[in-house]
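Protein chains in written order, with our numbering: chain A, 199 to 450; chain E, 199 to 450.
For glycine and all other residues, C-beta sits at the position ideal for the given N, C-alpha and C.
What follows is a single structure, written as structure tokens, with notes after it.
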DNA sequence: ACAGCTCAAACTGCATGCAATTGAAGCGCC
DNA sequence: GGCGCTTCAATTGCATGCAGTTTGAGCTGT
């Protein structure tokens, strides 16, 4: 299982660091760590049996991937992408994954096709499990596709942006709604095997677009739950009659 | 000058680390540091007046961007992308930059147009200078465009992939050949201002495509200068009559 | 000369220690 | 009771030290 962990040694320096990175990445996209969750270097180091130095390095890498937010002299937190950033991430993802299927159409080997089918079967089986797992599997399907291009760079970018999208999904989409995704995955495989480039690019585009719009229905500020951002407009009109009392000065 | 250094605080943790990153990035794309150049932590730290810890962290970031190669227990080196990786990078870059101009077409403000024109003028003026500087300026034109989308994610990816392409250009293209690039940049600005989405996407596509093909003319193994890779086929037929004598066992 | 061996210098991997900054509890004052 | 100030534990920023690995220079035997 565990759908091909690394393969490309791009970045991910030593071992300990990359182990921590993988663990955190997974925890984040499975929502074990929610956006905004604190990630103190000490606790991380202790949890993984390494020193702060290593934990710190791992946080740096994850920050470079956009999964973690680093603020000077403050505890690192799981990133909380804005709605706009989420939309941008999906736009980029669509282009990248169109590129993936364009390169792959009609070029899949038999074992690759089998691997893809096996993965979708696994997705199917996971429908009974938790949402978190099926979200992760759905994301990993796309990463698996990217791997098959044999382009480390493409793998890296697709992975990164897919994880990011995963993160935003957990932020802005409540009911999850991955029901039809599995069928769409099967359709993509079929078109890929058939070698119909235009069709598969169209399928991938509409697949991702529908995932995005299903999730990011509207700017819907309520779901942003940044608390301070939500309160900001109220604070601006510094008048009485406030529903929520603001704690002293809300600076930054 | 210095075309907008950071803007997005994504990654780039503290200050010292990001200063080193920027310096190294620039040195790399200006070919002050050639691909394969060694980057010992000690020397770096000494040069920038910081400890190895910080230098190491910076190397980690650059490795995540693909500019530096980290090998366990070995001195870090400036990355040496293979021809195939170079081609892949350009493919990705084309898609990303098409996205940039699609978002920008007809939406540029007056000051933005002025900034772009000023940059191209600077490129023009730099034609007398060294190749390295004009390559850097040409790259920064594209990054400047990305900045104008106001999408930090897009900025990050375009920057990264553009730097990577810059690196490969310095590896595989000898005469440089940026003559016409400036005119192409001007044409893109014009189409952008006019708001002709299809035209500007086409322009950007052909611009990057021509840069890529001008540079990456053929797999041309000779230019890969990896020495060991070049020699590999000779080593395979472990026979006498070799032109170059191989030093003991050529392991990895 | 030349291939192989040995060993010391160079370098990385990692933990730990100290100073500086932050966040929040505690405390007095209005 | 609520507001502001002080103080202290928690936490980061960074340098340094030690152990293990790699590199390559020099030596030896052929």
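Count the other CB atoms within 10 Å of the CB of residue 244/E; is the residue buried (16 or more) or exposed (fewer)? Walking along the second chain from the start, residue 244/E turns up at place 46. Exposed is the call here.
Nearest candidate by alpha-carbon position, reference residue 352/E, set 332/E, 302/E, 314/E and 323/E: What you label residue 352/E is simply residue 154 of the second chain in a count that begins at 1. Looking at the Cα atoms, 302/E is the closest of the given residues.
If you compare alpha carbons, which of 256/A, 348/A, 338/A and 233/A is closest to residue 454/A? Absent from the model: residue 454/A. The displayed extent of chain A is 199 to 450, so no value can be given.
Which of the three DSSP states is assigned to residue 444/A in this structure? Along the first chain, read from residue 1 onward, the residue named residue 444/A stands at position 246. Low confidence applies here, because residue 444/A scores a pLDDT of 35, under 50, leaving its location unreliable and the question unanswered by this model.
Cβ distance (whole Å) where residue 385/E is taken to contact residue 336/E below 8 Å: The residue given as residue 385/E occupies position 187 in the second chain. The residue given as residue 336/E occupies position 138 in the second chain. Contact doesn't hold; Cβ gap of about 14 Å is too wide.
Contact list for the segment 333-355 of chain E against chain A, Cβ threshold 9 Å: Hits within the stretch, in order: 347, 348, 349, 350, 351, 352, 354 and 355.
Every unbroken beta strand (DSSP E) within the segment 342-395 of chain E, with a cutoff of 3 residues, ordered by chain: none
Span of the beta strand (DSSP E) around residue 230/E: If you number the second chain from 1, residue 230/E lands on position 32. Looking at the DSSP string, residue 230/E is not in any beta strand (DSSP E), and its letter there is neither H nor E.
What's the gap between the Cα of residue 232/E and the Cα of residue 292/A? Counted from its first residue, the second chain places residue 232/E at position 34. Counted from its first residue, the first chain places residue 292/A at position 94. Approximately 34 Å between the Cα atoms of the pair.
Within chain E, the residues that residue 287/A reaches when beta carbons sit closer than 7 Å: The residue given as residue 287/A occupies position 89 in the first chain. Under the 7 Å cutoff, chain E gives 351.
Roughly how many angstroms lie between the CA atoms of residue 413/A and residue 368/A, to the nearest whole one? Translated into the one-based positions of the first chain, residue 413/A becomes position 215. Translated into the one-based positions of the first chain, residue 368/A becomes position 170. In a straight line, the C-alpha of residue 413/A is about 9 Å away from that of residue 368/A.
Quick one, which residues of the segment 381-401 of chain A are near chain E if we go by CB-CB under 9 Å, in chain order? Near chain E, meaning a CB-to-CB distance below 9 Å, no residue of the segment 381-401 of chain A qualifies.
Between the C-alpha atoms of residue 226/A and residue 365/A, what's the straight-line distance to the nearest angstrom? Position 28 of the first chain, counted from the first residue, corresponds to residue 226/A. Position 167 of the first chain, counted from the first residue, corresponds to residue 365/A. Spanning the two alpha carbons is a distance of roughly 7 Å.
Kindly list, in the order they appear in chain A, the residues whose Cβ is closer than 9 Å to that of residue 403/E. What you label residue 403/E is simply residue 205 of the second chain in a count that begins at 1. What residue 403/E touches in chain A: nothing, since even the nearest Cβ is about 12 Å away.
Please identify, using Cβ separations under 7 Å, the residues of the segment 255-284 of chain A that lie next to chain E, in order along the chain. For the segment 255-284 of chain A, the set of positions with a beta-carbon nearer than 7 Å to some beta-carbon of chain E reads 255, 258, 259, 261, 262, 264, 268, 270 and 283 in chain order.
Going straight from the alpha carbon of residue 213/A to that of residue 325/E, what length do you get? Counting from 1 along the first chain, the entry for residue 213/A is found at position 15. Counting from 1 along the second chain, the entry for residue 325/E is found at position 127. The alpha-carbon atoms of residue 213/A and residue 325/E are separated by roughly 46 Å.
According to DSSP, is residue 274/A part of a helix, a strand, or is it coil? On the first chain, residue 274/A is found 76 positions in, with the first residue counted as 1. It is a strand residue.
Does the beta-carbon of residue 423/E have 16 or more other beta-carbons within 10 angstroms, so that it is buried, or is it exposed? Sequence index remark: in the second chain, residue 423/E carries index 225 (1-based). Annotation note: pLDDT 47 at residue 423/E (below 50); position unreliable, no value reported.
Contact under 8 Å by Cβ, residue 253/A with residue 218/A: In the first chain, counting from the first residue as 1, residue 253/A sits at position 55. In the first chain, counting from the first residue as 1, residue 218/A sits at position 20. Against a cut-off of 8 Å, the Cβ pair of residue 218/A and residue 253/A comes out as a contact.
Buried or exposed, going by whether 16 or more other CB atoms sit within 10 Å of the CB of residue 266/E? The residue given as residue 266/E occupies position 68 in the second chain. It is buried - the Cβ of residue 266/E has at least 16 other Cβ atoms within 10 Å.
Can you confirm whether residue 422/E, when its beta carbon is compared against all beta carbons of chain A, has any partner nearer than 8 Å? Along the second chain, read from residue 1 onward, the residue named residue 422/E stands at position 224. The predicted position of residue 422/E is uncertain, since its pLDDT is 44 and thus under 50; a value taken from the coordinates is nonetheless stated next. No - not a single Cβ of chain A is within 8 Å of the one on residue 422/E.
Alpha helix (DSSP H) runs wholly inside the segment 247-324 of chain A, at least 4 long, in chain order: Fully enclosed alpha helix (DSSP H) runs of 4 or longer: 250-263, 281-302 and 308-323.
Considering only C-alpha positions, which residue in the set 282/E, 331/E and 346/E is nearest to residue 313/E? As a working note, residue 313/E is residue 115 in the second chain. The shortest Cα separation from residue 313/E among 282/E, 331/E and 346/E belongs to 346/E.
How many Å lie between residue 216/E and residue 277/A at the Cα? By one-based count along the second chain, residue 216/E stands at place 18. By one-based count along the first chain, residue 277/A stands at place 79. Whole-angstrom Cα-Cα distance: 20 Å.
For residue 257/E and residue 284/E, I'd like the C-alpha separation in whole angstroms. Counting from 1 along the second chain, the entry for residue 257/E is found at position 59. Counting from 1 along the second chain, the entry for residue 284/E is found at position 86. For residue 257/E and residue 284/E, the distance between alpha carbons rounds to 21 Å.
Mind checking whether residue 237/E and residue 275/E have CB atoms under 8 Å apart? Taking the first residue of the second chain as 1, we reach residue 237/E at position 39. Taking the first residue of the second chain as 1, we reach residue 275/E at position 77. Yes. Within cutoff.
Please check the pair residue 341/A and residue 360/A, which I expect to be a contact at CB under 8 Å, by giving their CB distance rounded to whole angstroms. In the first chain, the residue the question calls residue 341/A occupies position 143. In the first chain, the residue the question calls residue 360/A occupies position 162. Cβ-Cβ separation between residue 341/A and residue 360/A: approximately 6 Å, consistent with a contact (criterion under 8 Å).
Is residue 350/A buried or exposed, if buried means 16 or more other CB atoms sit within 10 Å of its CB? Working through the first chain from its first residue, we reach residue 350/A at position 152. So residue 350/A ends up on the buried side.
Proximal residues to residue 399/A (C-beta, below 7 Å), its chain only, five neighbours per side dropped: The count along the first chain starts at 1 and reaches residue 399/A at position 201. So the list reads 296, 299 and 300, once near-sequence residues are dropped.
Between residue 304/A and the rest of its own chain, which residues show a CB-CB distance below 6 Å, the 5 nearest in sequence each way excluded? Here residue 304/A corresponds to residue number 106 of the first chain, with the count starting at 1. Excluding residues within five positions, the ones whose Cβ falls inside 6 Å are 393.
For residue 307/A and residue 343/E, the rounded distance between their alpha carbons: Here residue 343/E corresponds to residue number 145 of the second chain, with the count starting at 1. Here residue 307/A corresponds to residue number 109 of the first chain, with the count starting at 1. If I take the Cα positions, the gap works out to 40 Å.
Counting only Cβ pairs nearer than 8 Å, list the residues of chain A close to residue 297/E. Within the second chain, numbered from 1, the residue matching residue 297/E stands at position 99. Within chain A, the residues near residue 297/E are 289, 290 and 293.
Leaving aside the five residues before and after residue 250/E along the sequence, list all residues of the same chain whose C-beta is less than 7 Å from its C-beta, in chain order. Residue mapping note: residue 250/E aligns to position 52 of the second chain, counting from 1. The residues are 239, 240 and 243.
Give the DSSP-derived three-state secondary structure of residue 465/A in the structure shown. For chain A, the structure presents residues 199 to 450; residue 465/A sits outside this window and is missing.
Helix, strand or coil at residue 327/E [DSSP, three-state]: Residue 327/E sits at position 129 when you count from the first residue of the second chain. It is coil, neither helix nor strand.
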